[in-house]
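Asker: Here the sequence shown is numbered in our numbering, starting from -8 and rising by one per residue. My questions all concern the structure below.
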Amino acid sequence: ARYDAQVIVEPWLDGGEYTAAILGEEVLPLIRIEVAGEFYDYHAKYQARDTRYHCPCGLPAEREREIQQLALRAFRAVSALGWGRVDFLLDAQGKAWLVENNTLPGMTDHSLVPMAAQASGIGFEELVWRILQESLGYRPAEEMDVNQA
């Protein structure tokens, strides 16, 4: 036989692709990804000029909040801290399906975390500083023991 006797079958989810950027305990506005082809693959992400990123994402505010909370729970479920991104697909009924927790998302000028931050009024320089603070477990100076390594 050319293929194994066991296969994994997953449903086709065609309700849209969304991403949630996380910064500490804050989930930034969702971004809806719209591709011209079937998949958000390497070509659609890095080469195609017709991939569209929508922020605001177009979902009703209450539904966006629900998905943001789901993203934060998914992020915490894998003990992720600091910052990252959680990706979802929606099915035709609007149910969110987790695609992945991304604990090291891109930070280029066309990456999704800086895009969501910008939509929140957080510029790139401030975003970098906040990521550093989150990553280093920032505490105010008066709470830090400078002699502790």
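All C-beta atoms in this analysis are idealised placements derived from N, C-alpha and C, irrespective of residue type, glycine included. Note that the structure is predicted; figures quoted are calculated from it, not measured.
Given that a residue counts as buried once 16 or more other Cβ atoms are within 10 Å of its Cβ, and exposed if not, what is GLN139?
Answerer: Translated into positions along the sequence shown, residue 139 becomes position 148. Note that GLN139 scores 47 on pLDDT, short of 50, meaning its location in the model is unreliable; the coordinates nonetheless yield the value given after this. Under this definition GLN139 is an exposed residue.
Asker: Suppose you measure from the CA of PHE79 to the CA of VAL90; what does that come to, to the nearest Å?
Answerer: To locate residue 79, count along the sequence shown from 1; it is residue 88. To locate residue 90, count along the sequence shown from 1; it is residue 99. PHE79 and VAL90: Cα-Cα distance of roughly 5 Å.
Asker: Can you look up TRP74 in the DSSP assignment and give me helix, strand or coil?
Answerer: One-based indexing of the sequence shown puts residue 74 at position 83. It is a strand residue.
Asker: Restricting to Cα atoms, I'd like to know which of THR94, LEU123, PHE115 is closest to LEU63.
Answerer: As a first step, residue 63 must be located in the sequence shown, where it is residue number 72. Comparing Cα-Cα distances from LEU63 to each of THR94, LEU123, PHE115, the minimum goes to THR94.
Asker: Please name the residue or residues paired with TYR9 in a DSSP beta bridge.
Answerer: As a working note, residue 9 is residue 18 in the sequence shown. DSSP output for TYR9 lists ARG23, PHE79 as bridge partner(s).
Asker: Quick check on DSSP: helix, strand or coil for TRP3?
Answerer: The residue given as residue 3 occupies position 12 in the sequence shown. Correct three-state label for TRP3: coil.
Asker: What are the boundary residues of the alpha helix (DSSP H) that includes ALA(-4)?
Answerer: On the sequence shown, residue -4 is found 5 positions in, with the first residue counted as 1. Here ALA(-4) belongs to no alpha helix (DSSP H), and DSSP marks it neither H nor E.
Asker: Quick one: Cα of PRO141 to Cα of ARG67, how far?
Answerer: Residue 141 lies beyond the range of the chain shown here (-8 to 140); nothing can be said about it.
Asker: Rounded to the nearest angstrom, what separates ILE122 and GLN84 at their Cα positions?
Answerer: In the sequence shown, residue 122 corresponds to position 131, counting from 1. In the sequence shown, residue 84 corresponds to position 93, counting from 1. Taking the straight line joining both Cα atoms gives about 35 Å.
Asker: Kindly indicate which three-state DSSP category VAL90 falls into: helix, strand or coil?
Answerer: Within the sequence shown, numbered from 1, the residue matching residue 90 stands at position 99. Strand, per DSSP.
Asker: Is TYR(-6) buried or exposed, if buried means 16 or more other CB atoms sit within 10 Å of its CB?
Answerer: Position 3 of the sequence shown, counted from the first residue, corresponds to residue -6. The residue is exposed, with fewer than 16 neighbouring Cβ atoms inside 10 Å.
Asker: I need the straight-line Cα distance from ASP41 to ALA11, nearest angstrom please.
Answerer: Here the question's residue 41 lines up with position 50 in the sequence shown. Here the question's residue 11 lines up with position 20 in the sequence shown. Their Cα atoms are separated by approximately 21 Å.
Asker: Hey, could you find the ends of the alpha helix (DSSP H) ARG54 is sitting in?
Answerer: Here the question's residue 54 lines up with position 63 in the sequence shown. Segment 52 to 68, the alpha helix (DSSP H) holding ARG54.
Asker: What do you reckon, are the CB atoms on VAL119 and ARG76 nearer than 8 Å?
Answerer: If you number the sequence shown from 1, residue 119 lands on position 128. If you number the sequence shown from 1, residue 76 lands on position 85. No, these two residues do not count as a Cβ contact at 8 Å.
Asker: Quick one, which of LEU61, HIS45, TYR37, LEU72 has its alpha-carbon nearest THR99's?
Answerer: Residue mapping note: residue 99 aligns to position 108 of the sequence shown, counting from 1. The option with the nearest alpha carbon to THR99 is TYR37.
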